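In this note's numbering, the protein residues as written are 1 to 110. All C-beta atoms, glycine included, are put in the ideal place defined by N, C-alpha and C. Every value quoted in this text rests on a predicted model; they were computed, and no experiment measured them.
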């Protein structure tokens with residue numbers, strides 16, 4: 001791999017049950033990542049909401065617009081399949097952390 005490296009993390013609410021789906025989608029993507037794994041049972045919360053458990057899909061790979069785009073697409077798919085309002089993703093790279101709140105345009109309140 002050429003260029004700088006980055007660590008990408010997608011925070012998947014456990015209530016969606018989609019961590020294994022997301023990991024499988026990543027493995028099938030053909031993206032040039034070096035290593036990926038699930039880091040389960042992490043507490044997180046949105047402002048004004050109670051904490052809930054998340055599973056983190058962590059990927060180490062090239063810091064590139066292609067990876068950025070794929071991570072955001074994956075987060076959007078998780079939001080749509082799990083009917084959550086948004087999914088949080090982070091890229092840790094040489095310039096520091098970059099975070100994205102990926103909204104689900106199809107979110108339907110229960």
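Subject >> Cα-Cα separation, residue 53 to residue 22 >> reply: On the chain shown, residue 53 is found 53 positions in, with the first residue counted as 1. On the chain shown, residue 22 is found 22 positions in, with the first residue counted as 1. Computed Cα separation, rounded: 16 Å.
Subject >> residue 10 to residue 32 span [Cα, whole Å] >> reply: Within the chain shown, the letter at position 10 stands for residue 10. Within the chain shown, the letter at position 32 stands for residue 32. Taking the straight line joining both Cα atoms gives about 17 Å.
**OP:** Work out the CA separation of residue 74 and residue 105 for me, nearest whole Å.
**Re:** The count along the chain shown starts at 1 and reaches residue 105 at position 105. The count along the chain shown starts at 1 and reaches residue 74 at position 74. Distance between the alpha carbons of residue 105 and residue 74 is about 14 Å.
Subject >> Helix, strand or coil at residue 15 [DSSP, three-state] >> reply: Counting from 1 along the chain shown, the entry for residue 15 is found at position 15. The answer is helix: DSSP assigns residue 15 an H, G or I state.
Original post:
residue 101: buried (16+ other C-beta within 10 angstroms of its C-beta) or exposed?
Top reply: As a working mapping, residue 101 is identified with position 101 in the chain shown. Classification of residue 101: exposed, given that the 10 Å Cβ count is below 16.
Subject >> Completely contained beta strand (DSSP E) runs for the stretch 29 to 107, where each covers 3 or more residues >> reply: 33 to 44, 52 to 62, 86 to 93 and 96 to 103
Subject >> the ligand FMN heavy atom lying under 6 Å from the CB of residue 98 >> reply: What this structure holds is no ligand at all, so the ligand FMN is not there to describe.
Original post:
Going by alpha carbons, who is nearest to residue 94 out of 63, 41, 51 and 16?
Top reply: For this step, residue 94 is matched to residue 94 along the chain shown. Taking only the C-alpha atoms, the option nearest residue 94 is 63.
**OP:** Please check the pair residue 50 and residue 43, which I expect to be a contact at CB under 8 Å, by giving their CB distance rounded to whole angstroms.
**Re:** Counting from 1 along the chain shown, the entry for residue 50 is found at position 50. Counting from 1 along the chain shown, the entry for residue 43 is found at position 43. Not a contact, Cβ separation roughly 10 Å.
Original post:
Quick one: Cα of residue 87 to Cα of residue 59, how far?
Top reply: Locating residue 87 in the chain shown gives position 87, where the first residue counts as 1. Locating residue 59 in the chain shown gives position 59, where the first residue counts as 1. Each residue's Cα considered, the two are about 16 Å apart.
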